[in-house]
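Down below is the structure, laid out as structure tokens.
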Amino acid sequence: MDSEVIALVIASISLLIAGLSLGWQVAEWLLSAGRPKAKLIHGVQGRGGLATGPVEKSGERRNIQHLREQGFDGPEVIGVQVTNHGRSPVTVDSIALRLRGGTMSLVALTELLGPELPHRLEAGTNESWYVDADLGHRLVAASRSALHEQIRGVYMTVAFGTGKSITTPTTLRM
Numbered sequence: 010m011d012s013e014v015i016a017l018v019i020a021s022i023s024l025l026i027a028g029l030s031l032g033w034q035v036a037e038w039l040l041s042a043g044r045p046k047a048k049l050i051h052g053v054q055g056r057g058g059l060a061t062g063p064v065e066k067s068g069e070r071r072n073i074q075h076l077r078e079q080g081f082d083g084p085e086v087i088g089v090q091v092t093n094h095g096r097s098p099v100t101v102d103s104i105a106l107r108l109r110g111g112t113m114s115l116v117a118l119t120e121l122l123g124p125e126l127p128h129r130l131e132a133g134t135n136e137s138w139y140v141d142a143d144l145g146h147r148l149v150a151a152s153r154s155a156l157h158e159q160i161r162g163v164y165m166t167v168a169f170g171t172g173k174s175i176t177t178p179t180t181l182r183m
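Heads up, the numbering used here is the position in the sequence shown plus 9, with the first residue counted as 1.
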């Protein structure tokens, strides 16, 4: 084997290893940050707790009559569950209820059920915040009557200390 061929093979292998190393370093850097995800939830309050579940892609509201028969006789709630899938903590600054198809939003300050904001969400953990569904109904009604907007439902957004925000991918029809 010629020395030029050996040098070319060694240089090619070195270039491949350097590319893989760079790719690994970039992946490590991207994965080391907090990666929050939000899920829209709907349910009812009562008996010292909340009975909730995720909103399906169809956006249909849960049949809470069965829950009421079991003693969950409190107010209907809409919430957001934030899960940090990353390796670093994130700080949740605010939660807002927004209208799909509209411009208005509701940032609940005093009527928010859940941990006090701002809240530090550690890596691999989740927390949930809820608002009374009546606030959502009133927000939809105000937007439809005053602004004549075609509202398809409500969703929630979460703002973080970094200035970024995320939204729930599903919409609860109202």
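Cβ coordinates follow ideal geometry from the N, Cα and C atoms, glycine included.
Quick one: which unbroken alpha helix (DSSP H) runs of 4-plus residues sit fully inside the region 72–119? Chain order, please.
Counting only runs of 4 or more residues that sit fully inside the region 72–119, the alpha helix (DSSP H) segments are 74–78, in chain order.
Between the region 144–152 and the region 103–114, can you find at least three pairs of beta-carbon atoms closer than 8 Å?
Yes: at least three Cβ pairs fall under 8 Å.
Burial state of residue 72 (16 or more Cβ within 10 Å):
Result: exposed.
Quick one: give me the first and last residue of the alpha helix (DSSP H) that residue 143 is part of.
That run of the alpha helix (DSSP H) goes 142–155.
Please say whether residue 96 and residue 57 have beta carbons closer to each other than 9 Å?
Taking 9 Å as the cut-off, the beta carbon of residue 57 is found no closer than this to the beta carbon of residue 96.
Taking residue 89 and residue 21 to be in contact with their CB atoms under 8 Å, please state how far apart those CB atoms are, rounded to whole angstroms.
Residue 89 to residue 21, Cβ: 51 Å. No contact.
Got a sec, what are the start and stop residues for the alpha helix (DSSP H) residue 31 sits in?
For residue 31, the enclosing alpha helix (DSSP H) has its first and last residue at 12–40.
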